[in-house]
Amino acid sequence: MELNKYQFFIIGESDGKNFTFLEMDIKGFQKNKDELLSQGFFVDGEVILANTAEEAVEKYKQEHQKILSGGIASRHPFLTFFTMLGEKLRQNQ
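Numbers given in this note's numbering equal positions in the sequence shown, counted from 1, plus 1.
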C-alpha cells in the first residue's frame, strides 16, 4: 500500500497547535498551496508520509514535540546555535 503525502503549513509563530495541512496527491494541491502561501502561511517541516490524515497529524505533532524538547536541536548544530542565540537575546531585552 502506497502512503499518502501530506504537507503542513503554519502562520506566524508555531507552537505545534496552530497548523493546517494538505494532501499532496489530490487534484488542486498546488492551487490550494499557493492560496495558503498568499495568505501568509509557510511550509513547516518535511513532507509526511502516512496512511491517513489522522496518522499524518500525529506524526507532525510528534516531530514538533521533538523540536520543542530539544531532541532535534541536539543533532543539528545550527538549530542549537540559533536557539541559544535567541535565548540570549531575550535575556538581554
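All residues carry an ideal CB built from backbone N, CA and C; glycine is no exception.
Query raised in the report: Roughly how many angstroms lie between the CA atoms of V44 and G29, to the nearest whole one?
Result: Rounded to the nearest angstrom, the two C-alpha atoms are 17 Å apart.
**Report entry** Simplified DSSP state of Q66, which is helix, strand or coil
**Finding:** helix
Query raised in the report: Going by the beta-carbon positions, is the gap between N5 and L37 smaller than 9 Å?
Result: Taking the C-beta atoms as reference points, L37 is found no nearer than 9 Å to N5.
Query raised in the report: Which whole-angstrom value is the C-beta distance of V58 and Q8, which I expect to be below 8 Å?
Result: Not quite, the Cβ-Cβ distance comes to about 12 Å (not below 8 Å), so this is no contact.
Report task. Could you tell me the distance, in whole angstroms, from the CA atom of F10 to the CA atom of M2? Result -> If I take the Cα positions, the gap works out to 26 Å.
Query raised in the report: Which of the three DSSP states, helix, strand or coil, is assigned to L38?
Result: helix
Query raised in the report: From F42, E55, D35, N52, pick the residue whose C-alpha is nearest to that of N19; which is it?
Result: Looking only at F42, E55, D35, N52, the smallest Cα-Cα distance to N19 is reached by F42.
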